[in-house]
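Residue numbers (my numbering), protein chains in the order written: chain A, 1 to 273; chain B, 1 to 273; chain C, 1 to 273; chain D, 1 to 273; chain E, 1 to 273.
Note that the Cβ used here is the ideal one computed from N, Cα and C, for glycine as well.
Bear in mind the structure is a predicted one, so any value in this text is a computation, not a measurement.
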Amino acid sequence: MIPGATDPISRDGKLLILAYDHGLEHGPVDFEAVPESMNPEHVFDVATHDAVTALAVGKGVAEAHYPDYEDEVNLLAKLNGTSNLWMGEHDSAVNWSVEYADELGADAIGFTLYGGSNHEVEMAEEFRDAQEAARDKDMGVVMWSYPRGQGVKNDTKPGTISYAARLGLELGADVAKIKYPGDPEAMAHACDAAASTDVVMSGGSKASDEAFLSTVKEAMDAGAKGLAVGRNVFQRENPEALLDGLEKVIFEETSVEEALAAVESHGEQATLD
Amino acid sequence: MIPGATDPISRDGKLLILAYDHGLEHGPVDFEAVPESMNPEHVFDVATHDAVTALAVGKGVAEAHYPDYEDEVNLLAKLNGTSNLWMGEHDSAVNWSVEYADELGADAIGFTLYGGSNHEVEMAEEFRDAQEAARDKDMGVVMWSYPRGQGVKNDTKPGTISYAARLGLELGADVAKIKYPGDPEAMAHACDAAASTDVVMSGGSKASDEAFLSTVKEAMDAGAKGLAVGRNVFQRENPEALLDGLEKVIFEETSVEEALAAVESHGEQATLD
Amino acid sequence: MIPGATDPISRDGKLLILAYDHGLEHGPVDFEAVPESMNPEHVFDVATHDAVTALAVGKGVAEAHYPDYEDEVNLLAKLNGTSNLWMGEHDSAVNWSVEYADELGADAIGFTLYGGSNHEVEMAEEFRDAQEAARDKDMGVVMWSYPRGQGVKNDTKPGTISYAARLGLELGADVAKIKYPGDPEAMAHACDAAASTDVVMSGGSKASDEAFLSTVKEAMDAGAKGLAVGRNVFQRENPEALLDGLEKVIFEETSVEEALAAVESHGEQATLD
Amino acid sequence: MIPGATDPISRDGKLLILAYDHGLEHGPVDFEAVPESMNPEHVFDVATHDAVTALAVGKGVAEAHYPDYEDEVNLLAKLNGTSNLWMGEHDSAVNWSVEYADELGADAIGFTLYGGSNHEVEMAEEFRDAQEAARDKDMGVVMWSYPRGQGVKNDTKPGTISYAARLGLELGADVAKIKYPGDPEAMAHACDAAASTDVVMSGGSKASDEAFLSTVKEAMDAGAKGLAVGRNVFQRENPEALLDGLEKVIFEETSVEEALAAVESHGEQATLD
Amino acid sequence: MIPGATDPISRDGKLLILAYDHGLEHGPVDFEAVPESMNPEHVFDVATHDAVTALAVGKGVAEAHYPDYEDEVNLLAKLNGTSNLWMGEHDSAVNWSVEYADELGADAIGFTLYGGSNHEVEMAEEFRDAQEAARDKDMGVVMWSYPRGQGVKNDTKPGTISYAARLGLELGADVAKIKYPGDPEAMAHACDAAASTDVVMSGGSKASDEAFLSTVKEAMDAGAKGLAVGRNVFQRENPEALLDGLEKVIFEETSVEEALAAVESHGEQATLD
């Protein structure tokens, strides 16, 4: 990690990345629970919440909406991604050049690496080009470090996740986004493995408020510098409430209880409005 | 979608794209019903009809004929395409550079993406280069978004078509050309999935006047911004008559009955001339 | 076809291309019948015959001999080709850059496309680069349009040959070189399919004078703009005699009988000299 | 080898390269024995030992830590490498461009070549680009020459290791890092095979002080110009002690006994401090 | 062949190329018979013999030694080559760019083409780039034309060797290095097939003085312009003696007997010194 590289997408050195590349990776099915989440405007509005330090979207979504939000939202340009219509060995198309992301005002780039895939070598070389171009433009670099493919039997094994975190450091990412390995000790090991590279926990599929906030708290206590979350926010009817809670846990270092109270009071306040 | 990107190939924000790349994609067999359709000049003449907002052709056809029609026809440069002599997994050759399309006066580019094909990753990266070059030249971007290949068992399933529409948005197309999914509700879902990206219905193989106009009407009412049509126009003895009807349905928002009347009165008028 | 593109390699809009890339494509075995045909100088001498509007050769042959013939011969740079030692799915190496062909004084480029081959997509993209570079240098473009490979069961089927001719138009060739489909009606259909792109008949393996001239006559009457011939010329002891006959049929539009008389009188004259 | 090419990473023409790319190649598991070795700072501190003539690390580690050590440590930029999560035929991603390595202040580049792998041709061509770029920037070139893959049944056979050393010379490396072939005679043969290219012995997995120093001594006597060592240093609780011993054997050409005494006295001194 | 292209690597239009790329292609095993041949300096010394018109070596060997011999030796930069550790279909890595070969002072380039290999197309395209870059730098071009791979059952068949020679001409080599096809008639045919491209006989594995000189004499009489020899020179204890003999046969067109006498008298003279 280069000193200061994450400044434009963090707050007090901590990150809450709202990820919204599901339309590409999973298709519209992820928006069924909360239909308004299909519309990027809705998610850009959510991203204006104080807790969100960056919004990760693909090129088309950024082109259409970022100009209206550039003062309120920090843009994390998710450069690669592929539909799940495709059934082959894990790979990801580079859909956006760093040069054009910079032109659109992006503050940082996001890049998926499937360590263990038969496309690992090719993806790592695409990452190299993107990472060095980002350095040239003074943009931060976030790696979605997800071991997958023929070589990976179990992608939630602690050793695999620590390796994923380490790949972020070794290859030159400022931030490594990894899955939560299940317990705080394993998460601490992964954070150690990443050394100076910041680790953020990947939000994953939707969980209850309490379960989710507890996991985030555990991750932060274990050394994570934040969270990258998608479905756990935009698949909620009231995403701002959960963001109030996440703000407590991540930036104010409160207990889970206090964070849950914030979630609930937001709900009440919304009802009162 | 970038604001204004479709202006040169639309009318009041709606599009009627006449597609004529069948000589490459299917071969001369598509011209058998109406032999004069083999000659591009015939189709360029048809494209001067007021209802047509753009003509989509390949490089060779544009080189030979566009100079004679550049004042009357808007050129949509169909960049990729492949013969059906080839039997492999769905793929498409990029036969035309954006730079040369621009030099020939094209207003927008057209690009096929076979989501789900084993070539999806490669095609998406070719699309990236074309899309960014088009942005650089202020040309609109139309994606033929056709899920096909090993990963796609049923390419007319509503969920698949909505995903296709969404890929248009995510990857940076101004317009996504998709198949009609069979019913208005599914079409509306696909249009929602595309969000700010315009959706145009793909015309498909030849149907009766009434059936075709009814489907187009349904698509427009469901949120489509227009139509891309080939065989349903050039495989008709009197393509202008149908274009009169399509103009009614698409740009004047009339009923199907009124549109059919326009088709028939054109026929009469032609007989009277 | 771009207006005027074939001017430097045609006469009154008609073409007689002498093709001499057999040393690469078939090896020295093609020169056994007439050993002096092994020596490119012999073939360059033949190419100075008035009937020949262009000589198609590869880079090495052009480098060695074209400087001595540049005032008398028009050079058609055959850019790609591969030995038949190789047994794989049909493909062709690009052995010559357009830039260097231009530097050596070439008037036009020649390029083989194997439609239907598993390498069709790659070859079409190589053709794109060559075609656009040729446009940039004001060089004509001739496509050897030969459907072959896994996707093509019968490459002499009329529909396949018409498709081949159409590919010439669609992809931007000024001239499409195709096999004779066996009868005049099928040839006429192929010429219609090519529309504004000129069609030249491929000479094929050696035939008798009468049979060959008759086929060429049929092709011309059906709409072809000329002939590309190799073995039927250089595998003859007296190639100039046949060229006299071809000149009659192609440029003077005589009967086959008159052409045959020209062939024979050349023979007599040669005997008298 | 180019005269003077190794000057910035050697001392009196001899090299002791501390290699620390295990986080990428093997993952955090290599740091378990001595947990502080997970932190690159610890290893940079070790690299300030007088015996170490260069530290070999990947891009991300160099970016994060080299700026703090550039006055005390010589940087050997290890350009390629791949995780062992990937199970395919031996290959290595190029993760770092020479241009950016130069920008970060690297003195030399390191590059792995898996001779015998199905990726040998591709890797050799990547090496070509890196080697020539390094020459352009006056950076030394070190090849990790490791025969592996389908073509290599036994990568410790003397003939194979001599071949590996020779590849360093033939392809233009200033230094070839090879495995110790097991006996001094075989090592001498490998050094002869490398001719003017310097040979350094690869440290391999951890051994006892005496065994390791003896092997290094044998290698030096056989003609090696030094050592590249990783685990045998950073997997020791007191790496400086062993470095004291290595300094004796490599640079002062002492006996193994004298070197062992230095290792032990360092231990005592550390205890006294 | 371009007029004058071989001037810097020939004498009176004839060539004796000393080839020394065996360390890459076969490994150190080729140097066992005469251990000093492992050291490139020894071979550079041999190359100063008047009979040698060029020395063919790889990049690393040239970098290390050519600066000391540039006044006495003409450098033929062997651009591609691959170890025989690799067991795949015949291919060869391009290890040296023409630009850098030129910078090091090379007079000509050497390039292997495996006609008939599944990599033939790719190798031919790499040759194209190298050949055109060499033209740009006024460097001669020598092709090692060796049919090999799946498509080639018998690489010493006369027809195959004549085809190999022809490929040199067709693709733009000034010199084609081919195997001796076994008898003078077949060699003459191969030389005819190459037309203006010079043919040099490949030396092959070590033979007796008489057998070797006889074969060279046969090849020269059949039309070859010289010899490319490696093992038959450097695997001899007294390579200069054989070079005396080769000089007689190749440049002075003597009988084999006279050449053998020269070989023997050199031996005597060496004994007398």
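Check: So, is residue 103/C buried or exposed, given that buried needs 16 or more other C-beta atoms within 10 angstroms?; Outcome: exposed
Check: Give the single residue among 171/B, 71/B, 263/B, 251/B whose Cα lies nearest to the Cα of residue 282/B.; Outcome: There is simply no residue 282/B to check, as chain B begins at 1 and stops at 273 in what is shown.
Check: With a cut-off of 8 Å, does the C-beta of residue 206/B fall near any C-beta of chain C?; Outcome: no
Check: Give the secondary structure of residue 139/E by DSSP, where H, G and I count as helix, E and B as strand, and everything else as coil.; Outcome: coil
Check: Measuring straight from C-alpha to C-alpha, what distance separates residue 225/E and residue 203/E?; Outcome: 13 Å
Check: For the pair the segment 53-63 of chain C and the segment 211-223 of chain E, tell me if three or more CB-CB distances fall below 8 Å.; Outcome: no
Check: Rounded to the nearest angstrom, what separates residue 53/D and residue 111/D at their Cα positions?; Outcome: 18 Å
Check: Is residue 40/D buried or exposed, if buried means 16 or more other CB atoms sit within 10 Å of its CB?; Outcome: buried
Check: Within the same chain, show all residues whose beta-carbon is closer than 6 Å to that of residue 30/D, passing over the 5 residues directly before and after it, in chain order.; Outcome: 22
Check: Considering only C-alpha positions, which residue in the set 219/A, 236/A, 73/A, 67/A is nearest to residue 256/A?; Outcome: 219/A
Check: Which partner residues does residue 6/C have in the DSSP bridge list?; Outcome: Paired residue(s): none; residue 6/C is not in a bridge.
Check: Check each candidate in 223/C, 201/C, 133/C and name the one with the smallest Cα separation from residue 176/C.; Outcome: 201/C
Check: Would you mind telling me which residues of chain C sit closer than 7 Å to residue 172/E, beta carbon to beta carbon, in chain order?; Outcome: 59, 60, 63
Check: Taking Cβ-Cβ distances below 7 Å as the criterion, which residues of the segment 98-131 of chain C are in contact with chain E?; Outcome: 100
Check: Counting only C-beta atoms, is residue 81/C closer than 8 Å to chain B at any point?; Outcome: no
Check: Sorry if obvious, but does the Cβ on residue 71/B come closer than 7 Å to a heavy atom of the ligand MN?; Outcome: This structure simply doesn't include the ligand MN, nor any ligand for that matter.
Check: With distances taken Cα to Cα, identify the nearest neighbour of residue 170/C among 43/B, 128/B, 95/B.; Outcome: 95/B
Check: What's the gap between the Cα of residue 88/E and the Cα of residue 122/E?; Outcome: 15 Å
Check: Rounding to the nearest angstrom, what Cα-Cα distance links residue 47/C and residue 18/C in this structure?; Outcome: 7 Å
Check: Using DSSP bridges, identify the partner residues of residue 111/B.; Outcome: 143/B
Check: Grab the span of the beta strand (DSSP E) containing residue 202/C for me, first residue to last.; Outcome: 198-202
Check: Within the same chain, show all residues whose beta-carbon is closer than 6 Å to that of residue 91/B, passing over the 5 residues directly before and after it, in chain order.; Outcome: 119
Check: Can you tell me whether residue 232/A is helix, strand or coil according to DSSP?; Outcome: helix
Check: With a CB to CB cut of under 8 Å and the five nearest residues on each side skipped, what residues in its chain are close to residue 260/C?; Outcome: 209, 210, 213, 245
Check: My output table needs one value for residue 148/E: the three-state DSSP class, helix, strand or coil.; Outcome: coil
Check: Classify residue 147/D as buried or exposed, calling it buried when 16 or more other Cβ atoms lie within 10 Å of its own Cβ.; Outcome: buried
Check: For residue 217/B, report the span of its alpha helix (DSSP H) as first-last.; Outcome: 209-221
Check: Select from 156/E, 144/E, 101/E the residue whose C-alpha is nearest the C-alpha of residue 136/E.; Outcome: 101/E
Check: One question on the structure: do residue 223/A and residue 6/A come within less than 8 Å of each other, judged by their Cβ atoms?; Outcome: no
Check: On the three-state DSSP scale, how would you describe residue 277/B?; Outcome: Not covered by the structure: residue 277/B. The range shown for chain B is 1 to 273.
Check: Among the residues of its own chain, which have a CB less than 7 Å from the CB of residue 181/B, if the five just before and after it don't count?; Outcome: 156, 158, 161, 187, 190
Check: State the DSSP-derived secondary structure class of residue 226/D, mapped to helix, strand or coil.; Outcome: strand
Check: Give the DSSP-derived three-state secondary structure of residue 256/C in the structure shown.; Outcome: helix
Check: If I'm right that residue 86/A touches residue 151/B with Cβ under 8 Å, what's the distance once you round it to whole angstroms?; Outcome: 5 Å
Check: With a cut-off of 8 Å, does the C-beta of residue 91/C fall near any C-beta of chain E?; Outcome: yes
Check: In terms of DSSP beta bridges, what is residue 14/E paired with?; Outcome: 11/E
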